[in-house]
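Below is one structure, written out as structure tokens; the observations come after it.
2 protein chains.
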Amino acid sequence: MLTIHHLNNSRSQRLLWLLEELDVEYKLEKYQRDAKTGLAPVDLKAVHPLGRSPVLTTENVSLAESGAIVEYVVRHYGNGAFAVPEEESRYQQYLFWLHFAEGSLMPPRVAMLVFSKAKQKVPALLRPLAKKILDGIMDAYYKPNLIQSLKFTESHLQNHAWFAGTEPTGADVQMLFPLETLVAMGQADDYPAIKAWVKKIHDRPAYQRALEKGGEYDYA
Amino acid sequence: MLTIHHLNNSRSQRLLWLLEELDVEYKLEKYQRDAKTGLAPVDLKAVHPLGRSPVLTTENVSLAESGAIVEYVVRHYGNGAFAVPEEESRYQQYLFWLHFAEGSLMPPRVAMLVFSKAKQKVPALLRPLAKKILDGIMDAYYKPNLIQSLKFTESHLQNHAWFAGTEPTGADVQMLFPLETLVAMGQADDYPAIKAWVKKIHDRPAYQRALEKGGEYDYA
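Taken in sequence, the protein lines are chains A and B. Okay, so the first sequence: first residue is 564 according to our numbering, each after it adds one. Okay, so the second sequence: first residue is 564 according to our numbering, each after it adds one.
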């Protein structure tokens, strides 16, 4: 039996969607972020030494890192669904998006989130200066990077229904978290195809079931 | 014929190591970072719309994202070397490290680099305050994350010669860049197994050839 160790408002929500789509039986262990720091609770360390979510456990193993978990679930439990056969030319596209989601898209999204929280925490008097410094870093490095990634993603979705083929695959699962946070935070106005793609997933019955089971989730 | 579009002092250096190990013929197109901003030059955009390095081109395709490129090269040009067969249990370990390198390890490493450059750019008078703000963000978020990742990596290398088996694989290629920057910047004193692993790779004739061909590289 699979167990998903699931943190509220986190990267693990997309895995519930995948498991519901594949109609796989699984147990859900829920963890709650620290109300003050927003960090994952220490008891996740008992499940995997990295202490992060998601973690997927079976009788034998404890697996971390979203991209690797998606590949594992699709290979072992998909019966061909949500997978792309290695011999098809779109397999490389599948791998690209699977890596791109966390390798290129998430780091600047996380930086934006971390910076905006930091600006709120700074004493009011120093806030203009903190804003100047952090916006400077954002504009010089993270933002151009993020905009480039989003434009590239948007242009792919303008010409394709899904990330790697005519049906959703593991690549769509992996891309969901960064893109649904973008839409939920009202930052997707320049990206109508991304918006439509997120809505299309949110409308699926499997996604609705995942949402109900996962509990608190601010991005849907 | 493969062409690697290679940026000095960048993530693409590890791909040269892989190609030299596999004894694959390839062309090298070199790009130079902007001396002032450190950013990639705009002509990389002609090769791939993301405008980043590495990019690998063949007669038919233009591939980006290191992890996806490593998987492509190993599958198409490895003849079994640097690969892990899907049916072996260590395949999941292979996938984990392949995703972990850019998904978990690089984001806090990049943040450290970006923050330390930003501190130097701030006018001298404001520097103590900038330091306080940026160190605060680092300590609250990126650093605990990075230390956890490095401890986990160190403990794996204390018990294994390579990341996914008894010989180097694509996982080692992907893990090389974050770990060799760590060692080169003198930040690996607490991680002797990581240091030894990097040295072991740097001593390989294929790595030496890659270094000679790649040109300017500050991390070896």
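Where is the CB? At the ideal position from N, CA and C, for every residue including glycine. Fair warning: this is a prediction, and the values are worked out from it, not measured in the lab.
Are residue i and residue j close, meaning C-beta to C-beta below 8 Å?
i, j, result
"glycine 666 (chain A)", "glutamate 588 (chain B)", "no"
"alanine 592 (chain B)", "threonine 566 (chain B)", "Before going further, note that residue 592 (chain B) is glutamate rather than alanine in the sequence given. It is a contact, given that the beta carbons lie within the stated cut-off."
"threonine 732 (chain A)", "phenylalanine 663 (chain A)", "no"
"leucine 709 (chain A)", "arginine 672 (chain A)", "yes"
"arginine 574 (chain B)", "proline 617 (chain B)", "yes"
"proline 670 (chain B)", "proline 670 (chain A)", "yes"
"glycine 699 (chain B)", "histidine 569 (chain B)", "no"
"valine 685 (chain B)", "alanine 674 (chain B)", "no"
"glutamate 634 (chain B)", "alanine 773 (chain B)", "no"
"tyrosine 657 (chain B)", "alanine 734 (chain B)", "yes"
"tyrosine 780 (chain B)", "glutamine 655 (chain B)", "no"
"tryptophan 580 (chain A)", "valine 677 (chain A)", "no"
"leucine 661 (chain A)", "glycine 630 (chain A)", "yes"
"glycine 641 (chain B)", "leucine 585 (chain B)", "yes"
"glycine 728 (chain A)", "valine 647 (chain A)", "yes"
Express the C-alpha separation of residue j and residue i in angstroms, rounding to a whole number.
i, j, result
"phenylalanine 659 (chain A)", "methionine 738 (chain A)", "11 Å"
"tyrosine 705 (chain A)", "alanine 783 (chain A)", "25 Å"
"leucine 602 (chain B)", "glutamate 775 (chain A)", "44 Å"
"isoleucine 757 (chain B)", "lysine 608 (chain A)", "22 Å"
"serine 784 (chain B)", "phenylalanine 715 (chain A)", "This structure gives no information on residue 784 (chain B), because the portion of chain B shown stretches from 564 to 783."
"arginine 596 (chain A)", "lysine 762 (chain A)", "26 Å"
"alanine 724 (chain B)", "leucine 619 (chain A)", "26 Å"
"leucine 720 (chain B)", "tyrosine 754 (chain A)", "43 Å"
"serine 712 (chain B)", "leucine 668 (chain B)", "6 Å"
"glutamine 683 (chain B)", "threonine 600 (chain B)", "13 Å"
"phenylalanine 726 (chain A)", "leucine 688 (chain A)", "46 Å"
"leucine 697 (chain A)", "methionine 564 (chain A)", "46 Å"
"glutamate 650 (chain B)", "arginine 638 (chain A)", "11 Å"
"valine 605 (chain A)", "lysine 590 (chain B)", "49 Å"
"valine 636 (chain B)", "glutamate 730 (chain B)", "17 Å"
"alanine 703 (chain B)", "aspartate 766 (chain B)", "37 Å"
"alanine 759 (chain A)", "aspartate 752 (chain A)", "11 Å"
"tyrosine 594 (chain A)", "methionine 701 (chain B)", "24 Å"
"threonine 744 (chain A)", "isoleucine 764 (chain B)", "39 Å"
"serine 718 (chain A)", "asparagine 572 (chain B)", "30 Å"
"leucine 610 (chain B)", "alanine 598 (chain B)", "Per the sequence shown, residue 610 (chain B) should be read as valine rather than leucine. In a straight line, the C-alpha of valine 610 (chain B) is about 21 Å away from that of alanine 598 (chain B)."
"arginine 690 (chain A)", "arginine 690 (chain B)", "15 Å"
"glutamine 771 (chain B)", "isoleucine 632 (chain B)", "21 Å"
"asparagine 722 (chain B)", "leucine 742 (chain B)", "17 Å"
"asparagine 623 (chain B)", "phenylalanine 740 (chain A)", "31 Å"
"proline 707 (chain B)", "lysine 695 (chain A)", "26 Å"
"serine 679 (chain A)", "glycine 643 (chain B)", "47 Å"
What are the boundary residues of the alpha helix (DSSP H) that residue i is part of?
i, result
"tyrosine 770 (chain B)", "768 to 777"
"leucine 689 (chain B)", "Note, leucine 689 (chain B): premise wrong, no alpha helix (DSSP H); not H, not E."
"glutamate 743 (chain A)", "733 to 747"
"lysine 758 (chain A)", "755 to 765"
"glutamate 584 (chain A)", "576 to 585"
Go to residue i, then tell me how far its beta strand (DSSP E) extends in each direction, as first and last residue.
i, result
"alanine 627 (chain A)", "625 to 627"
"lysine 593 (chain B)", "589 to 594"
For this session: Below 7 Å between beta carbons is the criterion; list the residues of the region 588 to 618 of chain A that meet it against any residue of chain B, in chain order.
Result: Pro612, Leu613 and Gly614
Exercise. Can you list the alpha helix (DSSP H) stretches of 4 or more residues lying completely in the region 640 to 682 of chain A, in chain order?
Worked result: 654 to 663
Exercise. Quick one: complete beta strand (DSSP E) runs, 3+ long, within the region 693 to 730 of chain B?
Worked result: none
For this session: May I ask you to list, following chain order, the residues of the region 650 to 681 of chain A that have a beta carbon less than 8 Å from some beta carbon of chain B?
Result: Listed in sequence order: Gln655, Leu658, Phe659, Leu661, His662, Phe663, Glu665, Gly666, Ser667, Met669, Pro670, Val673, Ala674, Val677, Phe678 and Ala681.
Exercise. Mind listing which residues of the region 623 to 642 of chain A have their C-beta closer than 8 Å to chain B's C-betas, in chain order?
Worked result: Within the region 623 to 642 of chain A, the qualifying residues are Val624, Leu626, Ala627, Glu628, Ser629, Gly630, Ala631, Glu634, Tyr635 and Arg638.
Problem set entry | Length-filtered (3 minimum) beta strand (DSSP E) runs lying within the region 600 to 626 of chain B | Counting whole runs of 3 or more residues, the region 600 to 626 of chain B contains the beta strand (DSSP E) stretches 618 to 620.
For this session: Residues of the region 699 to 729 of chain A with a CB closer than 9 Å to any CB of chain B: list them in chain order, please.
Result: Sequence-ordered contacts of the region 699 to 729 of chain A with chain B read Gly699, Ile700, Ala703, Tyr704, Tyr705, Pro707, Asn708, Gln711, Ser712, Lys714, Phe715 and Ser718 [C-beta pairs closer than 9 Å].
For this session: With 8 Å as the C-beta to C-beta threshold (strictly closer), list the residues of the region 687 to 698 of chain A near chain B in chain order.
Result: Leu689, Leu692, Ala693, Ile696 and Leu697
Exercise. Between the region 743 to 755 of chain B and chain A, which residues of the former have CB atoms less than 9 Å from a CB of the latter, in chain order?
Worked result: Cβ contacts with chain A come from no residue of the region 743 to 755 of chain B.
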